[in-house]
Amino acid sequence: MIRLQIAECACPPPQRGRRGIRNGRAARCTVGLALAFLVAPLPSLGQQRAKVYRIGYLGVGGPEPTDQTPQQCPIRGWSNWRAFVEGLRGYGYIPGQNLLIGCRWTEGREERAPALAAELVSLKVDLLVAFATVQVRAAKQATSEIPIVMAGVIDPVRRGLIASLARPGGNVTGPTDTVGMQLEGKRLEFLKEVVPKLSRVAVLSHWGSWGSAEPNLFQREAEATAQALGLTLQFYTVRGPEEFAGAFAAMTKARAEALLVVPEPFWGGQEQRIVALAAQSRLPAIYDSRGYVNAGGLMAYGVNEPAIRRRVGFYVDRILKGANPGDLPVEQPTRFELVINLKTAKTLGLRIPPTLLIQAEEVIQ
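Following this line, the structure appears as structure tokens:
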């Protein structure tokens, strides 16, 4: 019987080389597990060596077709995905062995989130992990029973996703990136320090950033900070990477003097391209994560995102062991890091003040 064969199959992780999967038996087992996840309920505990848990993952930007499993999850993926998997492994959950993950991606199209969330719920997963506000809201609307661990959400209380940080209530919990948007003010302050005569700042955002229910929230709060600093913000919104070039051309035409890139899950995988366009436009830019600086960006200030993604494993473990998600407090980051690329600063003819260098977590020479 197929179900019995799958349950008794010990599936070692696939060994990959230049020509793809070399371990044929591992490949067959992986496919068998994928089929079990998609079309059949798991065997009873008496028929298997250990319980196999099933997680649904709802994210924004999906992996390349050549780098995804049959369940549409990344095989290797970007740094945040790797950190998420590392966090699960730290608590003993090994994808392909005692854990099955099925992924769905909105690919920047918010309207897809409800249907994809419902699809994951229909697979009768033990738990959902949802990344970013739109996806978490869609998951919450799709189910009130399946536990949901969120990640990549700013100010979940204000967005109506949880009742409070200390006692979220309902079926949603998880680590949050920040409780508000105060970091945008700090980023603008850092830009002003690097470019003292700065007056016009271009702001690059993705259509639907922060959740379509509050489309002007970021703009209102950022403009309040900009006014205090004597800055004028110029907003440029794109729906996809194909609109990047046009946005940067518009920034040049409007004589923007610096760039603030709004934190956005959809930017995942687009860091190199954004950094290259900023360099081509000779715009001193500040971002939310060090990945941009490693790619040649000038500065980044924000939370340690991989650390937060690893922390998701703690919530997954607690819930799978019986904890009520509504009773698990939502954690806030307490440490923020400033990363500076001196080589990029020199290329732009900028001098980084010693006061900033002292604050920097890392300075790339």
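In the numbering used here, the protein residues as written are 42 to 406.
Backbone N, C-alpha and C fix where the C-beta goes; we use that ideal spot for every residue, glycine too.
Since this is a predicted model, take the numbers as computed values, not measurements.
Item	Value
Given tyrosine 134, which residues of its chain have a CB within under 6 Å of its CB, disregarding the five upstream and five downstream residues?	Leu140
If distances are taken between C-alpha atoms only, which option among Tyr342, Ile399, Pro347, Glu105 comes closest to arginine 228?	Tyr342
Distance, Cα to Cα, glycine 287 vs arginine 130?	42 Å
Within its chain, find whatever has a CB closer than 8 Å to the CB of proline 282; leave out the 5 residues flanking it on each side and keep chain order.	Gln311, Arg314
Measuring CA to CA, which of Gly211, Asn121, Asn212, Ile399 is closest to alanine 348?	Asn121
Just list the residues that DSSP pairs glycine 143 with in beta bridges.	Gly97
For a quick check, are the C-beta atoms of glycine 338 and tryptophan 119 less than 9 Å apart?	no
Can you list, in chain order, the residues of its chain whose CB lies under 6 Å from that of tyrosine 98, leaving out five sequence neighbours each side?	Ile142, Cys144, Val170
Taking C-beta to C-beta, are glutamate 346 and serine 322 nearer than 9 Å?	no
Okay, do the region 383 to 400 and the region 225 to 242 touch, 3+ Cβ pairs below 8 Å being the bar?	yes
I'd like the list of long-range same chain contacts for valine 316, defined as Cβ closer than 7 Å, with 5 residues on each side in sequence excluded.	Tyr333, Ala336, Gly337, Gly338
Starting from the Cα of valine 194, find the closest Cα among Arg376, Ile187, Ile203, Glu186 and give me that residue.	Ile203
Quick one: any contact between the region 295 to 304 and the region 238 to 250, if contact means 3 or more CB pairs under 8 Å?	yes
Report yes or no: do three or more beta-carbon pairs, one from the region 262 to 271 and one from the region 365 to 378, lie closer than 8 Å?	no
Quick check on glutamine 176: buried or exposed, where buried means 16 or more other Cβ atoms within 10 Å of its Cβ?	buried
Any idea if proline 115 is buried or exposed, counting beta-carbon neighbours within 10 angstroms, 16 or more meaning buried?	buried
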